[in-house]
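Quick note on my numbering: the sequence shown kicks off at 170 and runs consecutively. No residue lacks a Cβ here, since even glycine has one placed at the ideal position from N, Cα and C. Have a look at the structure below, then the notes.
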Amino acid sequence: SINYRKRKDEEVTRMVKYAGEDMIKELLPIVDSFERAIDMDDDNLEDEVSKFLSGFKMIYCNIIHILEKYGVKEIPALNEEFDPNFHQAVLTEPREGMKSGIVIEVLQKGYTYKDKVIRPTMVKVSE
């Protein structure tokens, strides 16, 4: 029937659109590790270690560039209003002079792939 064919076509289109999703999900923990590694303060490092760190930063930038090229975007979170469609509240904390429901810390970055959330941002939210 026409409905069945249309449903099948939509299913195939969706599969093709999100074909790389599983691979990208597996890459995200590697991106997290790179971010932790390059978060060091290079002012206090020896020359040799500093060279390694700048190499890591270049690799990290290349990975991010490739992910962006294929439709992966970091979800904005810090100082944004909490949105359960994009954020996962892990902790809450009262903050003086701040309205409740604002993201005050990002614990783990979240990402979208094309128009789909593949990992929500884990956040701390103001009470």
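Among the candidates V292, K293, K283 and T290, whose CA atom is the shortest distance from the CA of R183?
Comparing Cα-Cα distances from R183 to each of V292, K293, K283 and T290, the minimum goes to K283.
Anticipated Cβ contact below 8 Å, E249 with V272, distance rounded:
5 Å
Going by the CB atoms, is the gap between Y229 and F203 shorter than 7 Å?
For F203 and Y229, yes; Cβs fall inside 7 Å.
Check whether the region 212–220 and the region 230–247 are in contact - that is, three or more C-beta pairs closer than 8 Å.
no
Drop a sphere of 10 angstroms on the beta-carbon of Y280, count the other beta-carbons inside from all chains shown, and report buried for 16 or more, exposed for fewer.
buried
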